Every structure is written in structure tokens, then in C-alpha cells.
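Undergrad:
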Amino acid sequence: MNSNRNILAVAFSAISGLAATHSIANISSSTPQTISQPDFRDVPNPGHPDPVQVWHVLELRLSSSTDYSAHGADDIDIDVRFVHERTGEVLVRPAFWDGGNLFLVRFAPTLTGRWSWTTVCRRDASLHNLSGEFRCVPYRGELEIYRRGFVKAVPGLKYMTYADGTPFFYLGDTHWGMYTEELDEPGPHAGQSGAVSHFKHIVDRRVAQGFTVYQSEPIGSPFNLTDGHVDQADIEGFRTADMYYRYIADKGLVHANAEFFFSANMLGPIIGDDAALRRLARYWAARFGAFPVIWTLAQEVDNDFYAERSQTPPYDWTDNPWVRVAEYLHAADCYSHPLTTHQENAMHTSVTGKDVEFDAVNADVFGMSVFASDVVAWRTGHTFLAAQ
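So the sequence shown is residues 975 to 1362, counted in our numbering.
1. How big is the Cα-Cα spacing for L1085 and D1178?
2. What does a CB cutoff of less than 6 Å around S1038 pick up in its chain, not counting 5 residues either side in sequence?
3. Starting from P1068, trace the beta strand (DSSP E) both ways and give me its first and last residue.
4. Excluding five sequence neighbours on each side, which residues of the same chain lie with their C-beta closer than 6 Å to the C-beta of F1279?
5. Taking 8 Å as the threshold (C-beta atoms), are M1152 and S1190 in contact?
6. Would you call the region 1145-1164 and the region 1290-1301 touching, i.e. three or more CB-CB distances under 8 Å?
7. So which of D1147, G1139, R1122, Y1120 has the shortest CA-CA distance to V1128?
8. So who's on the other strand from W1296, going by DSSP bridges?
9. In whole angstroms, give me the CA-to-CA distance for E1155 and L1303.
10. Looking at V1275 and A1230, is the spacing between their C-beta atoms short of 8 Å?
11. Measure how close the beta-carbons of W1081 and F1056 come, nearest whole angstrom, since I'm counting them as under 8 Å.
12. Can you tell me where the alpha helix (DSSP H) holding V1181 begins and where it ends?
13. Cα separation between N1103 and L1034?
14. Among L1271, V1170, T1040, Y1289, whose alpha-carbon lies nearest the alpha-carbon of I1244?
15. In the DSSP assignment, find the alpha helix (DSSP H) that holds E1210 and state where it starts and stops.
16. Any idea which residues DSSP pairs R1088 with across the strands?
17. Identify, in the order they occur along the chain, each residue of the same chain with its Cβ nearer than 7 Å to the Cβ of A1170, setting aside the five sequence neighbours on each side.
18. Just to confirm, is the Cβ distance from L1145 to Y1218 under 8 Å?
19. Sorted by chain position, which residues of the same chain lie with C-beta nearer than 6 Å to F1142's C-beta, five sequence neighbours on each side aside?
20. Within the continuous alpha helix (DSSP H) that includes W1258, where are the two ends?
21. Counting only the same chain and skipping the five closest in sequence on each side, list residues whose C-beta sits under 6 Å from that of T1366.
22. How far does the alpha helix (DSSP H) with V1350 in it extend, from its first residue to its last?
23. What do you reckon, are the CB atoms on A1300 and L1313 nearer than 8 Å?
Structure below.
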């Protein structure tokens, strides 16, 4: 899906296990010729007894005949083609490496009825041409995001809607250090709240207050992607991240999440390494893209806000790596989740994105994000409307 998506850039304001609504199937292949068909079972969840409900996550576990622990699985791309039997709709989801010989694919069916799936993997024969099918049933709860479907941005509209076209009211605040919000303990800030989990208490409180969005930055994340790779040491951190993402999804909030690392860490060789940026974007979309999310890239991403005043800024408007991240996220996301970014203060940008043209005398002269261009819209599949 390559049509442009209009989306308002949301202004961020700072503040400061696993009960997932998804089902799991295990598919193993000890040799290229041996395929074990899926054995579906429910994650214990009394409110959702069916194998998979519409817009909820089905997780397929694919076992390779190769253990990739030593060097990672950077070169192993797996696409899983999901086909809806009645309508013929096709959605393609990338799988992601989860350590050792394990690969996972997460899929949220958009229609009820029977779906079939087939894997495509060119570099690992034991993961190629696996197949199966499952049945999707209607959602039986009361959460709007699952009653109406994932949030989307519609060309010509300056607001988001649910998948069924109902306008989506965006209300959220930013958790700059989400991973410092303790998952299994109250932490030092609980006071007399009675909270048993700092993180869950905040999420539950926001739901009770009528919030619809949980915004986060990957500051203090339990994984390190600044080298452009996902290695075995990162996997446990990502599994921890899964618990945060799943809890937010279980509560019916849309997770507006920034990608990879804080924007000030976009430094060194990774800036010019298209293969690394594509790899990380694909991994991120594969791991988290079947949840209700909005991709927000990073904070102040236009002209390298954190280093542009140095003598050797890492990049400028002409070679901004976050534009490429947006492009690669869109390419890996069959749901076309809204894609936006936390842009710089307008006084540090120009109407063209070229140089800094803030006029201190005529203070009403402001700039425009480098993302607000037809070229970026064409490359990323989204039109960025800056709300600076």
C-alpha cells in the first residue's frame, strides 16, 4: 500500500506479566524436508477464549535447523504471506529473530473468517515454504481499538480514524523513560498509591482518565541498536519490551512509539549504512507492528538538532537518516500505521529545510520541517503535516 497518508505531527509533553490478547502456534522444522503443522493453543486469558479474534495478535513460532546465537540473523529475511479465504485479501508480515534458532511472526487479522499463511525465506531452507491456516472470530470485548480496528491516516483528512472510518480522538502524554517505569514492582515513586507495578499503574490510570494513546521514547531501553545489529545480547531486552507493548495493547491504548534509540544517538557509521537502517526498521515493524501503534521515529529529527551547532554535524537536511527509517518502516508495515515524527522547533528549520533561517528580528518568520516535502511523502508513503 503506497498511497500517501496525511498525519498531524503530535507535540510531545514530558511526564513522569504478560496478559496478551494473542494466540501462539509452534511450527518447527529440524530439516528442510520436515514441517510440523501448527498446534494452536490459547494464551491463558478467560476474556478471549477463541484462537484469535479480529485485530488481535496471532504469534507463529518458527524453528530453524540453524542456531544463530553466535553471529545473529541479520541476513535472514522471512516474509509470511497471509491470505483471507473469502475475500482474497493478502497481507505480508516480516518475521523476526528471537534468539537461537527461533523466529516469530506476529499477525493481527483484519477480517473474520479463515486465513492461510505461507513463509518465504531464501537464505534458510528450513524456514521456507512453511504453511498453515487458522480461523479468526469477531472481537467480543468493549475496547474501541479492537471494535473498530487499527488507527489510520486518510488522505485529505487532518485527523486520524479507526479502520472503520470513525474519527479517532488523540489524547496521550509522553513517557520519556518508559523502560524505567518498573514492570513488576512499585518503584520509589509509588508513594501511597498501592501500586504493585509502576508501569501498569500509570497505564491503568491513563485508561481510567480517558486517554487513548501512550507515547514513549526508547530512552533507557534494555537493548542497544546503535551498532545497527540485533544480537543475542539484545534478545532478552526485546522480550522485556514485548511485555510493555503487550500490556499497552491489552488496555486498548494506541502506542505512539519512537524507534531504535534516542535521536542524539544517531551517530557514526550507522548514519550512512542503508542496510543497517533497513534491517532495524524491518525488525521493529516485525516485532511491534501487529499491535495498535503509531510510528513516531525520534525526537527533533530534522537537521540533527543535537549536533548541528557543532563544527562537524553528522548530517543535515540533504541526507537525513530518519527519512530513510520512515521509508523502510513503511515498506515493512502492511497495516500502514500512521507515521509521523517529533520535529524540531520551527526556529531551527526553514521553509525548504535548507539551513537555519530563523529571523530574530521578525519573530513571526518560522520554518518548516524537512519532512514536509513531496519527495519525503513519496518515499515514505505519508504526508507529514507539521504541528510545530
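Just so you know, even glycine gets a beta-carbon here, dropped at the ideal spot from N, CA and C.
From a predicted model like this one, the values you see are computed outputs, not experimental measurements.
TA: Inspection of the coordinates gives the following:
1. 29 Å
2. N1075, D1098, S1100, L1101
3. 1064-1068
4. E1318
5. yes
6. no
7. G1139
8. The partner list for W1296 (beta bridge, DSSP) is empty, contrary to what the question assumes.
9. 27 Å
10. no
11. Here the sequence assigns Phe to residue 1081, which means Trp is not the residue at that position. Yes, they are in contact, since the Cβ atoms of F1081 and F1056 sit about 6 Å apart, within 8 Å.
12. 1172-1182
13. 14 Å
14. Y1289
15. 1206-1224
16. R1109
17. Reading off the sequence, residue 1170 comes out as Val, not Ala. Answer for V1170: P1160, listed in chain order.
18. no
19. V1125, M1134, T1135, Y1136
20. 1248-1262
21. With the chain running from 975 to 1362 in the structure shown, residue 1366 is simply not present.
22. 1348-1354
23. yes
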